[in-house]
Structure formats: structure tokens, C-alpha cells
Amino acid sequence: MEKEHQIFGIRAIIEAIQAGKEVDKVFIQKDISGELMKDLMKVMKRAGVNFSYVPVEKLNRLTPNNHQGAVATIAPISFQDLETLIESVIESGKTPLFLILDQISDARNFGAIIRTAECTGVNGIIVQKAGSAPVNGDTVKTSAGAVFNVPICKVEHIKDAIFQLQGSGIKTVAATEKTDQNIYDIALNEPVAIIMGSEDRGVNPSVLKIVDEKAKLPMFGTIASLNVSVACGAFLYEAVRQRS
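Residues 12 to 255 in our numbering are what the sequence shown lists, from first letter to last.
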């Protein structure tokens, strides 16, 4: 994690959130309490900031400075409003292609996906505030800078984003093994949002219930699954093939 994308110290983090900085995630030392920490919790909850409890060793690795039990990562980008983005893509006359990442937690996978999304003309990437990988130095590096070129939207709930896209006439397709339907049998040359699941659990079952279509990649080896960024590339390039 690059130092310029970090804030350490409880009071400094409170001030950053209140000043409207794009605080991506806050790491809080386990078993820490006190009035100032209570204030931080209140401010984070009010602003909907993603946080997790970690051992003190992790905080010491993140920064050698006096962190007081809290380190925050600042996103090097500004996140976009989903409704505004959907409207602008539709108005542009392009056939919308969105990507929804259902709690992908590895920053390098996230960066690799952003890089492929940029190369395949994705109009926007949608992630959930809680449980998603932070946009940090690792993400920027792995995306080869593509993170600055693809709009990214943070939403409270993936399901709400799906309903919003469907309401705008955009078909939602989940990548999952829990289907007989092959990716090559689905129309991706119309307005579409592709949903990729987390590294360990795949797409959430509650999300699978509300999508328009489910699709899988054919597998011929003995290993049952691909790395999520590789699978995402296969889905996006099938969309490119159909659209060219």
C-alpha cells in the first residue's frame, strides 16, 4: 500500500471522513476502545465507510508511525454515482456494458479485472461498499493505470444496483457454475451487466435469484474453477466478439 494513500491516527481519520475524502477502508486494531474510537465508529457508520478489525501486527506492517490503533486507505480515484452513470451511458448511444463485482476481496484480482474491463470497453464497474477490495496502490499497479479510465461506482447493496440496471433495460447475467447454460449461448450484444462472484464463494445465492440469466464457462480440466480475473476476461471478450 502506498504511503500517500494512507492516513493513520484516529483523529486524522475522523477529520478526513468529515472533510469528504474518499476513505476506502479503515483497519482498526482488535480489542481497542476509548472515547475517540467511539467517535470514529460513529463517523464511519454515518458516512458508510467500510472497516475491519485486524491484529496490531497488521497495522504495524502498514505504517511504522504511531497509528493509535487505526489506519485508513484513501482511494486514489473518485467514485461515481450509479444512476448518473447509467443515464450518461444510455444517452451516449453506446450499447451499455457494465460489470458488477460481488465482493471480490483481493486487490490484485480487482486491478487485473479493471485492466481487462478498460481494454474491452466496459462502461462502468459496480462494487459493494462492504466486503470489496480497496482501491489502493496494489489495485492501481495491477490495473496498469486503467483504474483512472473506467468509472467505478460503490453501492450499499449489489441487489439494489441490479434492480436499477434492470429498470433501465439492462440485462443482468451472472457467471456461475450453478447452471446448464453456456456463456456462448447467451446474447451479450444487447445492453448487459455481467456479474462476477467472490474468489471463494462465487456469486451470492440471493443475487442469483434476481438476475435475468446465468452462464458458465465450459471446463475440460480436472480443476473445477478459474481465477476470477481470468473468468471475467473470458466473459468480457465473448461480449466483444458478439459486438464486433
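For each residue, glycine too, the CB sits at the ideal point set by N, CA and C. Everything numeric in this text was worked out from a predicted model, so none of it was measured.
Would you mind working out which of the options sits nearest residue i, comparing C-alpha positions?
i    : options                : result
G122 : F159, E94, A141        : F159
D50  : E33, G20, M230, V67    : G20
G135 : M207, A81, L110        : L110
A145 : A23, A27, V34          : Strictly speaking, residue 145 in this sequence is Pro, with Ala absent from that position. Measuring from the Cα of P145, the nearest candidate turns out to be V34.
I173 : A83, E94, M55, M52     : E94
S154 : P87, I181, S236, L176  : P87
I115 : I221, V218, R212, P216 : R212
F90  : G232, K140, G156, Y195 : K140
L247 : T233, L228, I43        : L228
A250 : P107, S44, Q17         : P107
A256 : S143, V184, A198, V214 : With the chain running from 12 to 255 in the structure shown, residue 256 is simply not present.
Note the first and the last residue of the continuous beta strand (DSSP E) segment covering residue i.
i    : result
A204 : 203 to 208
A185 : 182 to 186
S63  : 62 to 65
How many Å lie between residue i and residue j at the Cα?
i    : j    : result
V241 : I25  : 38 Å
E201 : Q79  : 51 Å
I163 : V100 : 13 Å
A245 : A58  : 36 Å
K105 : I28  : 36 Å
C130 : N238 : 18 Å
For the alpha helix (DSSP H) containing residue i, name the first residue and the last one.
i    : result
T127 : 118 to 130
V82  : No alpha helix (DSSP H) holds V82; the beta strand (DSSP E) holding it covers 81 to 85.
Excluding the 5 residues preceding and the 5 following residue i in the sequence, name in chain order all residues of the same chain whose CB lies nearer than 7 Å to its CB.
i   : result
K41 : Y64, V65, P66
Is residue i buried or exposed, if buried means 16 or more other CB atoms sit within 10 Å of its CB?
i    : result
H168 : exposed
S209 : buried
P75  : exposed
I234 : exposed
Using a Cβ-Cβ cutoff of less than 6 Å, which residues in the same chain neighbour residue i once the five nearest sequence positions on both sides are dropped?
i    : result
L112 : V138, M207
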